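**Q** One structure coming up, written as structure tokens, with questions to follow.
In my numbering, the protein residues as written are 3 to 124.
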């Protein structure tokens, strides 16, 4: 799950950066507002990659997704983008767990077919 969730967060990092560039063209938003919202979100995406497998990491991911949706109150395009990111996060968590379960079954079957994973003692 770590790889899939971290990949999703890094993808979000880049998309948020590009969205910040687009949002700067909105005459109702200042550059500092856009980059404060985008910069904080981008930093949190990268920081969360390191803690996603720790206890509470997935919950922090959900909190980030909710914050991204809520950042739409400051930068309106983030409402849509945050909803898309939340759907991607759900898919990463859901399918990441399935991948982890399949890998564990495969490893258990492989260990069972070789008899033992420990080297033979002489």
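Just so it is clear, CB atoms sit at the ideal spot from N, CA and C, and this is done for glycine as well. Here the structure is a predicted model, which is why all the values come from computation and not from measurement.
In three-state terms, what does DSSP make of residue 71?
**A** By one-based count along the chain shown, residue 71 stands at place 69. Helix at residue 71.
**Q** Do three or more CB pairs link the segment 78 to 93 to the segment 11 to 18 at distances below 8 Å?
**A** Taking 8 Å as the limit for Cβ pairs, the verdict is that the segment 11 to 18 does touch the segment 78 to 93.
**Q** In three-state terms, what does DSSP make of residue 95?
**A** Here residue 95 is taken as the residue at index 93 of the chain shown, counted from 1. Helix.
**Q** Is it buried or exposed for residue 33, if we count other Cβ within 10 angstroms and need 16 for buried?
**A** Here residue 33 refers to the residue found at position 31 of the chain shown. When all chains shown are included, residue 33 counts as exposed.
**Q** Which value, in whole angstroms, describes the spacing of the CA atoms of residue 52 and residue 63?
**A** The count along the chain shown starts at 1 and reaches residue 52 at position 50. The count along the chain shown starts at 1 and reaches residue 63 at position 61. C-alpha separation (whole angstroms): 11 Å.
**Q** Closest to residue 98 by CA distance: which of 54, 36, 110 is it?
**A** Numbered from 1 along the chain shown, position 96 holds the residue referred to as residue 98. Checking every option, the nearest Cα to that of residue 98 belongs to 54.
**Q** Determine whether the beta carbon atoms of residue 10 and residue 66 lie at a separation below 7 Å.
**A** Your numbering for residue 10 matches position 8 in the chain shown. Your numbering for residue 66 matches position 64 in the chain shown. No, the Cβ-Cβ distance between residue 10 and residue 66 is not below 7 Å.
**Q** Is residue 55 helix, strand or coil by DSSP?
**A** The residue labelled residue 55 in the question sits at position 53 within the chain shown. Correct three-state label for residue 55: coil.
**Q** Helix or strand or just coil, what does DSSP make of residue 84?
**A** Indexing the chain shown from 1 puts residue 84 at position 82. Residue 84 falls in the helix class under three-state DSSP.
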